[in-house]
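Colleague: So the protein sequences, as listed, match chains A, B and C.
According to our numbering, the stretch in the first sequence is residues 1 to 341, in order.
According to our numbering, the stretch in the second sequence is residues 1 to 285, in order.
According to our numbering, the stretch in the third sequence is residues 1 to 279, in order.
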Amino acid sequence: MLAAVENKPASVEAKPVLRVEGLKAYYQMNYFGVRREVRAVDDVSLTIKRNEIYGIAGESSSGKSSLIKTIAGAITPPLRVVEGSVKFDFGGKELDVYAQRPAMKAARWKHLSYVMQGSMNVLNPVRKVKHAFHDFAFKHMGLSEGEFRARVESHLQRIGLDPRVLESYPHQLSGGMRQRLTIGLATVCEPEFIIADEPTTALDVLVQQDVLALIKGVQQRMGSSIIFVTHDMTVHAAIADRIGIVYAGRLVEEGPTLDVFQRPQHPYTAHLIASLPRIGDTRKRVALGGKPPNLADPPSGCRFHPRCPLAVDKCKSENPPLLARNTGRVACWRAGEVEAA
Amino acid sequence: MFKILRDLLRYNIEFAIGFVLTLAIFLFALAHFWAPLPDNAIYLLPPDMPPSAQYWFGTTSRGQDVLWQMSSAIWNTMLFGLSVTILSRLLAVAVGMISGYLGGKWDEFLMTINDTMIALPNIPILLLVYFVMRDQMSWPVLALTAALLGWNYDARLIRSVTLSLRNREFTRHAVFAGMSVPQILVRQHLPYVMPVIFFTAMNNLIWAIGLEVTLSVLGFSDINRPTIGGMIYWANQHQAIIAGIWWWIAFPIIAVVLLFLGLFLLAISVNEYIDPRSRLSRMGA
Amino acid sequence: MSALLELEDVNKDYRVGGFLDRSTLHAVKHVSFTLDAEKPEIFTVVGESGSGKTTTARMILGNETPTSGTLRFMGKGIAQVRTRKERLDFMSRVQPIFQNPFEAFNPLTTLDYYLFSTARRFLGLKDKAAVDAATDKALQHVGLSLAEVRGRYSHELSGGQLQRIAVARALIPGPKLIVADEPVSMVDASLRMSIVNLFRELRDTLGVSIIYITHDLSTAYYISDRVIIMHKGDVVEAGRAEEVLGNPTHEYSRALRSAVLPPDPVVASAIIREKLRAI
Ligand SMILES: Nc1ncnc2c1ncn2[C@@H]1O[C@H](COP(=O)(O)OP(=O)(O)OP(=O)(O)O)[C@@H](O)[C@H]1O
Ligand code: SF4
Ligand SMILES: [Mg+2]
Chain A
1 MLAAVENKPA SVEAKPVLRV EGLKAYYQMN YFGVRREVRA VDDVSLTIKR
51 NEIYGIAGES SSGKSSLIKT IAGAITPPLR VVEGSVKFDF GGKELDVYAQ
101 RPAMKAARWK HLSYVMQGSM NVLNPVRKVK HAFHDFAFKH MGLSEGEFRA
151 RVESHLQRIG LDPRVLESYP HQLSGGMRQR LTIGLATVCE PEFIIADEPT
201 TALDVLVQQD VLALIKGVQQ RMGSSIIFVT HDMTVHAAIA DRIGIVYAGR
251 LVEEGPTLDV FQRPQHPYTA HLIASLPRIG DTRKRVALGG KPPNLADPPS
301 GCRFHPRCPL AVDKCKSENP PLLARNTGRV ACWRAGEVEA A
Chain B
1 MFKILRDLLR YNIEFAIGFV LTLAIFLFAL AHFWAPLPDN AIYLLPPDMP
51 PSAQYWFGTT SRGQDVLWQM SSAIWNTMLF GLSVTILSRL LAVAVGMISG
101 YLGGKWDEFL MTINDTMIAL PNIPILLLVY FVMRDQMSWP VLALTAALLG
151 WNYDARLIRS VTLSLRNREF TRHAVFAGMS VPQILVRQHL PYVMPVIFFT
201 AMNNLIWAIG LEVTLSVLGF SDINRPTIGG MIYWANQHQA IIAGIWWWIA
251 FPIIAVVLLF LGLFLLAISV NEYIDPRSRL SRMGA
Chain C
1 MSALLELEDV NKDYRVGGFL DRSTLHAVKH VSFTLDAEKP EIFTVVGESG
51 SGKTTTARMI LGNETPTSGT LRFMGKGIAQ VRTRKERLDF MSRVQPIFQN
101 PFEAFNPLTT LDYYLFSTAR RFLGLKDKAA VDAATDKALQ HVGLSLAEVR
151 GRYSHELSGG QLQRIAVARA LIPGPKLIVA DEPVSMVDAS LRMSIVNLFR
201 ELRDTLGVSI IYITHDLSTA YYISDRVIIM HKGDVVEAGR AEEVLGNPTH
251 EYSRALRSAV LPPDPVVASA IIREKLRAI
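Structure representation (structure tokens):
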């Protein structure tokens, strides 16, 4: 049913490749009568265009990984989708991740690939690297063994890896090479959509730029879209076209990277950007006070209100909607005033 | 304590079944204190009576009521099994945790003993003890011997858990917070070792009861004290199967199976309950 | 000048590999530096994973003995600390901060247990009120109070708060030196600053020297007085922070310096485009 992808009409290019609408995904647990619900993804809507790199930023346990897992359709209990939808558009064919399970399965790796957090360690330590390629990609590509091998080798070469790595075991490779490999694995089928969770966080500083350039290069060559998550703002600065800022399970701001960095509209984003240290600058940075919200019992109204310097009474009771403003979208009752401050 | 029991009964079906089964068997065993006849008296009842309204589980060829024999037998067998399990758990925890945490010379010394004991064959050792002790051989002595034989594998397991805990940051932090070795072992590490203790306790109990049955069936125990193994021993002596006195063998075996099942269900559910991860989740982590 | 901490030509080798391919790994090679007792400072050790910085920290804390060379703390060899009493005495002056605040506290133990234990053991306090007072005072230094921490578990607090409690705990014995191994690598940018700001304050108000171990050049520049850069066990460059990080001269430090992306989309994306052209 997805065979028509190759000759896509020009008009579909303009349509977004991913539409997430009102998505809610909660961890629902029951431990001997103690019921807990962690609202890790709470009413998120976003769209991603073709040929775009979209970065999701936010502090630890704000729900970034949960959001991206839900988008990838890779959730397992206790995480459950409570409301909303995730729809991909692969060459004019709409694919609803949570309504069309079998089609989704078929789309994995071929149209869509997912690089998990810490995935440089997912390679099976006792099997040679070539087996991983075979397991993940072979059946999706419809090639003979020989053609497949040739394709994998030329792909690895293009991303700067010696094809001989196929004959080695994961522990014989450095962290940087393993991360390249997982990216190679995720891109060998030339998917239209790549989902990545913290692709560079575990890497040594010296190889970080290379891996980022690699991701950008692969994306440009194949014209695919990428959605990735990291708390490292410099990574967003380096490769993202647009950024979404997540706070306590909600998308609080979104916009083109340059605008988010230079004219943040949400107080949380403004703080995040202002606190980044730079070499050559020892001016004192003020840290955000208070405690990150507990997603099992989030603050009422705007979830940022207990820590927000601009909070007013209304913020405590009413949740600000995510509305279009300037070049992006922002969820704050006092959005205009942040820029002035 | 009561609240934990209530929670477990209400939310965990395995626990509820295991609890009811074990409790029923326990009450049944407890009843032997009120038995109409002493459990070592023989030929007071008509022998070889099949199950009937008067003798629910029939009578043995030695003129005993199978029902009351079983009640005593389960009690004695459980007493033996639990003694072995508790003693050997204490040994395994002490050796495993000290060896794993202190390491170095201590570890070498304790693990040498441990590995030597692993190499010793159980049954021959027990028989040796039996022949040496002869008349002084009583069930507590047997239990002690079995306990001394039954801790080595589990000590190794606990050692490896402690070993990995020793390298965790919180242990190094505890050292710099001035905590003493006992404080670290009991407060910091024991909660993580607890599930291992419970899990192995179950295996150990089954092993101990099996050992008791084996030795009794072979006649190497105090045969006048009713135990599950002892009952089977006497039934064999009287060729109960051939003589068609099936109830003499079947009922004790069913009782053992039910007991194992009950204990097994209890062990897995309690294990889940005390598992640090599930504990943390209940605390709201 | 009297030295607080002296490292003299310190080396540490590890034997690695199995039975057949045994080899020696030189984790730390010829490291020497001195901290002044009168002039508290933030002394930063920068390096990638495997550069020997954690091994150096562990040797300073007495958890690891050097293969050769000496480490002296306040004139006394750290290797000579043997008895329990000497060890406690040493620990009351040198305290660690660990990498992962969520790992540094046992999740099944209340946080105050660590604080109380430290106060009892190192200050010799018996009386409950005195222990509470000492703990509260230390927590006040990091902007917390005992009332906020008492009876709480690690999962009830944020990474930044936990790391501050860890610092407070380390402060209770009144240490001269704090060794912090990657204290911010596990916390995100917004919490990072609250911890490094705290280090500055400790230096300025309490006169505690801090050995700050990190791979993050930006925070290193932000708070350090002096910096050494380690690479595969060697110190490749040492000196004042502005010089070493602002104008590195050694080839490796230069590479490290240029690997840091600025949090600025214009510059950062230009760097990546440049890299991309090179490939
Ligand atoms: N398997 C799980 N069961 C229950 N709760 C979970 C589970 N995984 C995550 N959570 C909770 O969901 C929330 C969001 O977690 P998530 O992993 O999405 O955060 P994150 O933003 O990716 O953080 P990080 O930057 O640390 O990777 C947290 O409160 C977390 O504790
Ligand atoms: S809505 Fe109110 S509390 Fe929330 S960010 Fe805006 S000003 Fe702050
Ligand atoms: Mg994550």
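A virtual CB, placed ideally from N, CA and C, is assigned to each residue, including glycine.
Just how far apart, CA to CA, sit S185 (chain C) and P199 (chain A)?
Modeller: Cα-Cα distance, rounded: 16 angstroms.
Colleague: Quick check on DSSP: helix, strand or coil for S180 (chain B)?
Modeller: S180 (chain B): coil per DSSP, three-state reduction.
Colleague: Got a sec: which bits of the stretch 139 to 167 of chain B sit with their beta carbon under 7 angstroms from any beta carbon on chain A, in order along the chain?
Modeller: So the list is empty, because no residue satisfies the distance condition.
Colleague: Could you tell me which residues DSSP pairs with F199 (chain C) in its beta bridges?
Modeller: In DSSP, F199 (chain C) forms no bridge with anything.
Colleague: At what residue ranges does the stretch 112 to 186 of chain C contain a whole run of the alpha helix (DSSP H), taking only runs of 4 or more?
Modeller: Complete alpha helix (DSSP H) runs here, min 4: 128 to 141, 146 to 149 and 159 to 171.
Colleague: Based on DSSP bridge pairs, tell me the residues matched to H26 (chain C).
Modeller: H26 (chain C) is bridged to C:D13.
Colleague: Please report the Cβ distance between L23 (chain A) and V86 (chain A), rounded to the nearest whole angstrom; I am assuming they are in contact, meaning their Cβ atoms lie under 8 angstroms.
Modeller: 6 angstroms between Cβ atoms; contact.
Colleague: Considering only the alpha carbon of each residue, which of C:G174, C:E251, C:L191 and C:L162 lies closest to P107 (chain C)?
Modeller: Checking every option, the nearest Cα to that of P107 (chain C) belongs to C:L162.
Colleague: Exposed or buried, what is M59 (chain C) when buried is set at 16 or more other beta-carbons lying within 10 Å of its beta-carbon?
Modeller: Its Cβ being crowded by 16 or more others within 10 Å, M59 (chain C) is buried.
Colleague: Given a cut-off of 8 angstroms on the beta-carbon distance, is the pair I158 (chain B) and V84 (chain B) in contact?
Modeller: Result no, Cβ atoms of I158 (chain B) and V84 (chain B) do not sit closer than 8 angstroms.
Colleague: Could you say which of A:D232, A:Y247, A:H231 and A:Q208 lies nearest to A259 (chain C) if we only look at CA atoms?
Modeller: Looking at the Cα atoms, A:Q208 is the closest of the given residues.
Colleague: Would you mind working out which of A:L18, A:N30, A:P16 and A:R19 sits nearest A296 (chain A), comparing C-alpha positions?
Modeller: Of the listed residues, the one whose Cα sits closest to A296 (chain A) is A:N30.
Colleague: Against chain B, does L88 (chain C) count as a neighbour if the rule is that its beta carbon must be under 8 angstroms from one of theirs?
Modeller: Output row for L88 (chain C): interface = yes.
Colleague: Give the residues of chain B in contact with M29 (chain A), contact being defined as C-beta atoms less than 7 angstroms apart.
Modeller: Per Cβ cutoff of 7 angstroms: S281.
Colleague: Is I98 (chain B) closer than 8 angstroms to L90 (chain B) when the C-beta atoms are compared?
Modeller: It is not a contact, given that the beta carbons lie outside the stated cut-off.
Colleague: Decide if S275 (chain A) is buried, meaning its Cβ has at least 16 other Cβ atoms within 10 Å, or exposed.
Modeller: With 16 or more Cβ atoms within 10 Å of its Cβ, S275 (chain A) is classed as buried.
Colleague: Any idea if G223 (chain A) is buried or exposed, counting beta-carbon neighbours within 10 angstroms, 16 or more meaning buried?
Modeller: By the 10 Å Cβ count, G223 (chain A) comes out exposed.
Colleague: If the cut-off is 8 angstroms on Cβ atoms, which residues from the stretch 150 to 173 of chain C count as contacting chain A, listed in chain order?
Modeller: So the close ones are L157, S158, G159, G160 and Q161.
Colleague: Under DSSP, the beta strand (DSSP E) around A57 (chain A) begins and ends at which residues?
Modeller: First-last of the beta strand (DSSP E) with A57 (chain A): I53 to A57.
Colleague: Heavy atom of ligand 4 less than 7 angstroms from the Cβ of P320 (chain A), yes or no?
Modeller: Inclusion of ligand 4 in the displayed structure is not the case, the ligand content consisting of ligand 1, ligand 2 and ligand 3 alone.
Colleague: If we cut at 8 angstroms on Cβ distances, does D275 (chain B) have a partner in chain C?
Modeller: It does not; no Cβ of chain C falls within 8 angstroms.
Colleague: Distance, Cα to Cα, L261 (chain C) vs L245 (chain C)?
Modeller: Roughly 14 angstroms separates the two Cα atoms.
Colleague: Could you check the C-alpha separation between V229 (chain A) and C315 (chain A) for me, to the nearest Å?
Modeller: Cα to Cα, the separation comes out at about 28 angstroms.
Colleague: Check the Cβ of K275 (chain C) against every Cβ in chain E and list those closer than 7 angstroms, keeping chain order.
Modeller: The chain labelled as chain E is not found among the protein chains of the depicted structure, namely A, B and C.
Colleague: How would you write the range of the alpha helix (DSSP H) that L206 (chain A) sits in, first residue to last?
Modeller: V205 to M222 is the span of the alpha helix (DSSP H), which, as asked, contains L206 (chain A).
Colleague: Residue range of the alpha helix (DSSP H) that V260 (chain C) falls in?
Modeller: Per DSSP, V260 (chain C) belongs to no alpha helix (DSSP H) and is neither H nor E.
Colleague: Would you grab the beta carbon distance between P163 (chain A) and Q157 (chain A) for me? Rounded to a whole angstrom, and I think it's under 8 angstroms.
Modeller: Their Cβ separation, rounded to whole angstroms, is 6 angstroms, which keeps P163 (chain A) and Q157 (chain A) in contact under 8 angstroms.
Colleague: Report yes if the C-beta of R325 (chain A) is less than 7 angstroms from at least one heavy atom of ligand 2; otherwise report no.
Modeller: No, since every heavy atom of ligand 2 falls outside the 7 angstroms radius drawn around the Cβ of R325 (chain A).
Colleague: Measuring only between beta-carbons, confirm whether E48 (chain C) sits less than 8 angstroms from chain A.
Modeller: Yes - at least one Cβ of chain A is within 8 angstroms of the one on E48 (chain C).
Colleague: Taking the straight line between their C-alpha atoms, what separation do you get for K3 (chain B) and S269 (chain B)?
Modeller: The straight-line gap from Cα to Cα measures roughly 16 angstroms.
Colleague: Cβ of V165 (chain A) less than 8 angstroms from any chain B Cβ?
Modeller: For V165 (chain A), the answer is no, since every Cβ of chain B falls outside 8 angstroms of its Cβ.
Colleague: For a test of the three-state rule: what should DSSP assign to A92 (chain B), helix, strand or coil?
Modeller: Helix at A92 (chain B).
Colleague: Please go through the same chain and pick out, in chain order, the residues whose beta-carbon is closer than 6 angstroms to the beta-carbon of R150 (chain C), but skip the five residues on each side of it.
Modeller: Here the set comprises D112.
Colleague: Beta-carbon within less than 7 angstroms of E48 (chain C)'s beta-carbon, same chain only, minus the 5 sequence neighbours each way: which residues are those?
Modeller: Cβ within range, chain order: H215.
Colleague: Output, in chain order, the set of chain C residues within a Cβ distance shorter than 9 angstroms of A237 (chain A).
Modeller: Within chain C, the residues near A237 (chain A) are L261, P262, P263, D264, P265, V266, V267, A268 and S269.
Colleague: Looking at the secondary structure, which residues open and close the beta strand (DSSP E) in which H238 (chain B) lies?
Modeller: Note, H238 (chain B): premise wrong, no beta strand (DSSP E); not H, not E.
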